[in-house]
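Structure record follows, encoded as structure tokens.
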Amino acid sequence: MAEPVERPSTEPPGTPGGSIAARPGARGGVNDWQFTAVSAVVGLALAAGAVLATGPWDSGQRKAERDRATAAERTGGAHHDAGDPDGPAPAPSAPAVLAALSAAGTGPANAPAGTPRDLRTVLDPLLENDALGTRRAAVVIDTATGERLYGKGADAPMTPASTVKIATTVAALGALGPAHRIPTTVRASDDLRTVTLVGGGDPTLDKAALRALATETARALKAAEAPSVRLRYDASAYSGPTHHPIGPNENIAPMSALMLNEGRQDDSAKGPAPRTEDPAADAARAFAGYLDKAGVTTKGAPAPGRPAEKSRTVATHLSAPLSGLVERALTNSDNDIAEALARQTAIAAGQPADFKGGRRAVTARLKKLGLPLKGVNIADGSGLDRRDKVTAALLAGLLARAADPAHPELRPVLTGLPVAGFSGTLSSRYTSKAGGTGFIRAKTGTLTGVNSLAGTVVDTRGRLLAFAFLASGTTAPTEAQKALDKLATALGAGER
Numbered sequence: 007m008a009e010p011v012e013r014p015s016t017e018p019p020g021t022p023g024g025s026i027a028a029r030p031g032a033r034g035g036v037n038d039w040q041f042t043a044v045s046a047v048v049g050l051a052l053a054a055g056a057v058l059a060t061g062p063w064d065s066g067q068r069k070a071e072r073d074r075a076t077a078a079e080r081t082g083g084a085h086h087d088a089g090d091p092d093g094p095a096p097a098p099s100a101p102a103v104l105a106a107l108s109a110a111g112t113g114p115a116n117a118p119a120g121t122p123r124d125l126r127t128v129l130d131p132l133l134e135n136d137a138l139g140t141r142r143a144a145v146v147i148d149t150a151t152g153e154r155l156y157g158k159g160a161d162a163p164m165t166p167a168s169t170v171k172i173a174t175t176v177a178a179l180g181a182l183g184p185a186h187r188i189p190t191t192v193r194a195s196d197d198l199r200t201v202t203l204v205g206g207g208d209p210t211l212d213k214a215a216l217r218a219l220a221t222e223t224a225r226a227l228k229a230a231e232a233p234s235v236r237l238r239y240d241a242s243a244y245s246g247p248t249h250h251p252i253g254p255n256e257n258i259a260p261m262s263a264l265m266l267n268e269g270r271q272d273d274s275a276k277g278p279a280p281r282t283e284d285p286a287a288d289a290a291r292a293f294a295g296y297l298d299k300a301g302v303t304t305k306g307a308p309a310p311g312r313p314a315e316k317s318r319t320v321a322t323h324l325s326a327p328l329s330g331l332v333e334r335a336l337t338n339s340d341n342d343i344a345e346a347l348a349r350q351t352a353i354a355a356g357q358p359a360d361f362k363g364g365r366r367a368v369t370a371r372l373k374k375l376g377l378p379l380k381g382v383n384i385a386d387g388s389g390l391d392r393r394d395k396v397t398a399a400l401l402a403g404l405l406a407r408a409a410d411p412a413h414p415e416l417r418p419v420l421t422g423l424p425v426a427g428f429s430g431t432l433s434s435r436y437t438s439k440a441g442g443t444g445f446i447r448a449k450t451g452t453l454t455g456v457n458s459l460a461g462t463v464v465d466t467r468g469r470l471l472a473f474a475f476l477a478s479g480t481t482a483p484t485e486a487q488k489a490l491d492k493l494a495t496a497l498g499a500g501e502r
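Numbers in my numbering are just positions in the sequence shown, counted from 1, shifted up by 6.
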């Protein structure tokens, strides 16, 4: 059994759960070079937005990019239309940060010009930091060319902690596509005496969605003059053990295809929280209450069961698109969503929706990408299981694939990565004076004795680099995290 995870496994030590709005001084003290780097990343986001224009991504990040792109067209300024002879002249455009993301722009001949740095002289001394424990591995890849720029212990299987979510989300997007939505349905028997709430595996089902399902169900029942029903609930889409191998834990709810707000027993939306022991029954009881308020009485307590053989769907709720679920899973290191994505991948592959089925399905999807899997073991979707083993080469390779124009379906993996000093599990890892603030995007990983960081950064030559740093045998989490952050920052030449 894996060691129970401490609260910092989901939120890093000292994380106050702050946001940009809560940190009004976030930019204070950042020098001109750092602002240029931040601007470079904004430019990259705009370029990526153009590539993604045909995709179904409709999360807040996608909307923000569209709004920013629209604003960019108004070259005359906020109070002048473009081309207004009385308006100020538009500012000159900055040079392109990256080569065009096209099939013709992915070869070595299109790499940015300049004198390349020897990353060994940059990273080797930083990897010798004792804070990184007894074992460490690192890989850096130029995403435009696929060239490995640096590798140390690249193929050594190591415990990844939450960075395994990169593998989970890549597999889910590859199997289902970014537009896929997870359904929760209500089915009524032919005689309308019984309705069944059927979970499809959406852990983000919330009270508003459940209330809407009840309202739609009540409308259909009252139209057929059926004012009272028996209520069943069906969570059979998942199989296998209900608890993660770490056992009952505030970092993750019992596995269930039917749950309300990730089984949380408070008003939180992320991080550790008290969890219900029976998510499906709790969701059904809440649904019964909403049915009653909508004018339909339920006879007796909700009971587990499948829909009648002759039944029809009377109400349906669809989750956010998979792209949005992926972004949320990565930004907040959401264990419940990650495990749900592994099971959705298993269902798509015709595998049992349990830990073993998820492992087989995720591994099969990674094989299709042609990445090295020797020694790799995907034991769960979240990274809470210490039996997970991945290599730095695999993690960096997955991020490089997500940046590849040939795989636009994987782009939410990059857009979901936390931004250093601003969002998710990196919101407090970088200060306003840190060189990496704002232009490093990376997934964190923390278990007792294990620390990892994998993400992307733009270097001074304009290259988008994918990196993965793994450390085990660490004894001081905060110091290990600082050492990892320095490695990532050094790739962008912000600090040495």
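Glycine included, C-beta positions come from ideal geometry on N, C-alpha and C. Given the structure is predicted, the values throughout are model-derived calculations rather than measurements.
Secondary structure of residue i, DSSP reduced to three states
i       : result
Thr-282 : coil
Tyr-296 : helix
Asn-383 : strand
Lys-488 : helix
Phe-428 : coil
Ile-172 : helix
Pro-14  : Caution applies to Pro-14, whose pLDDT of 39 falls short of 50 and renders its modelled position unreliable; the value that the coordinates give is listed next. Note: Pro-14 maps to helix in three-state DSSP.
Gly-269 : helix
Ala-448 : strand
Ala-162 : coil
Ser-388 : coil
Pro-310 : strand
Val-302 : coil
Asn-457 : strand
Ile-258 : strand
Lys-276 : coil
Leu-377 : coil
Beta-carbon contacts of residue i that lie in its chain and below 7 Å, excluding the five residues immediately before and after
i       : result
Ala-232 : Leu-198
Leu-377 : Leu-400, Gly-403 and Leu-404
Tyr-436 : Ala-426, Gly-427, Gly-442, Thr-443 and Asp-491
Lys-373 : Leu-379
Thr-221 : Ala-300
Asp-465 : Leu-471, Leu-497, Gly-498 and Ala-499
Arg-217 : Tyr-296
Gly-479 : Gly-139, Thr-140, Arg-141 and Gly-455
Asp-394 : Thr-165, Pro-166, Val-170, Asn-383, Ile-384, Ala-385 and Asp-386
Arg-318 : Arg-193 and Ala-194
Cβ separation of residue i and residue j, assumed to be a contact under 8 Å, to the nearest whole Å
i       : j       : result
Pro-313 : Asp-240 : 7 Å
Ser-458 : Gly-451 : 4 Å
Asn-267 : Asn-341 : That pair is no contact at about 14 Å.
Ala-224 : Ala-292 : Ala-224 to Ala-292, Cβ: 15 Å. No contact.
Val-302 : Val-192 : No, Val-302 and Val-192 are not in contact; Cβ-Cβ is about 11 Å, not under 8 Å.
Ala-167 : Leu-375 : Contact doesn't hold; Cβ gap of about 22 Å is too wide.
Gly-183 : Arg-238 : The Cβ separation is near 31 Å, so there is no contact.
Leu-125 : Leu-155 : 6 Å
Among the options, nearest to residue i - alpha-carbon criterion
i       : options                               : result
Tyr-433 : Ile-252, Met-261, Ser-339 and Val-145 : The amino acid occupying residue 433 in the given sequence is Ser; Tyr does not appear at that position. Looking at the Cα atoms, Ser-339 is the closest of the given residues.
Gly-207 : Gly-306, Ala-289 and Asp-391          : Ala-289
Gly-277 : Ala-259, Thr-495 and Ala-440          : Ala-259
Asp-196 : Thr-127, Ala-230 and Ile-188          : Ala-230
Ser-242 : Ala-499, Thr-202, Asn-255 and Leu-227 : Thr-202
Ala-385 : Pro-414, Met-164 and Leu-211          : Met-164
Thr-484 : Leu-138, Leu-129 and Leu-125          : Leu-138
Pro-308 : Val-382, Lys-316, Leu-216 and Thr-200 : Thr-200
Tyr-244 : Gly-295, Arg-349 and Leu-227          : Arg-349
Leu-211 : Pro-189, Ala-226, Lys-228 and Leu-227 : Pro-189
Ala-162 : Ala-143, Lys-213 and Tyr-156          : Ala-143
Leu-160 : Val-145, Glu-153, Thr-151 and Arg-154 : In the sequence as displayed, the identity of residue 160 is Ala instead of Leu. Comparing Cα positions, the closest option is Val-145.
Arg-187 : Asp-136, Ala-226 and Leu-331          : Leu-331
Ala-321 : Ala-494, Gly-152, Gly-205 and Asp-130 : Gly-205
Residues near residue i by beta carbon distance below 6 Å, same chain, minus five either side
i       : result
Ala-367 : Thr-351, Ala-352, Ala-355 and Gln-357
Ala-344 : Lys-171, Thr-174, Ala-335, Gly-387 and Ser-388
Gly-269 : Ala-259, Arg-281, Thr-282 and Pro-285
Ser-472 : Contrary to the premise, residue 472 reads as Ala rather than Ser in this sequence. The answer, listed in chain order, is Ile-147, Thr-149, Ala-402, Leu-405, Ala-406 and Thr-462.
Pro-209 : Met-265, Glu-268, Asp-342, Ile-343 and Ala-346
Val-128 : Ala-496
Ser-369 : Here residue 369 turns out to be Thr, not Ser, going by the sequence shown. Answer for Thr-369: Ile-384, listed in chain order.
Arg-5   : Only positions 7 to 502 of the chain appear in the structure, and residue 5 is not among them; the question remains open.
Residues that residue i bridges to, as DSSP identifies them
i       : result
Ser-200 : The sequence as given places Thr at residue 200; Ser does not occur at that position. Paired residue(s): Arg-236.
Leu-470 : Val-464
Tyr-156 : Val-146
Phe-361 : Answer by DSSP bridge pairing: none, since Phe-361 is not bridged.
Arg-141 : Ser-478
Arg-193 : Thr-202 and Thr-319
Cβ neighbours of residue i in the same chain (closer than 8 Å, five flanking residues each side left out)
i       : result
Asp-298 : Thr-304
Thr-169 : Gly-389, Val-396, Leu-401, Lys-449, Thr-450, Gly-451, Ser-458, Leu-459, Ala-460, Ala-474 and Leu-476
Gly-246 : Met-261, Pro-358, Ala-359, Asp-360, Phe-361, Lys-362 and Gly-363
Lys-488 : Ala-137
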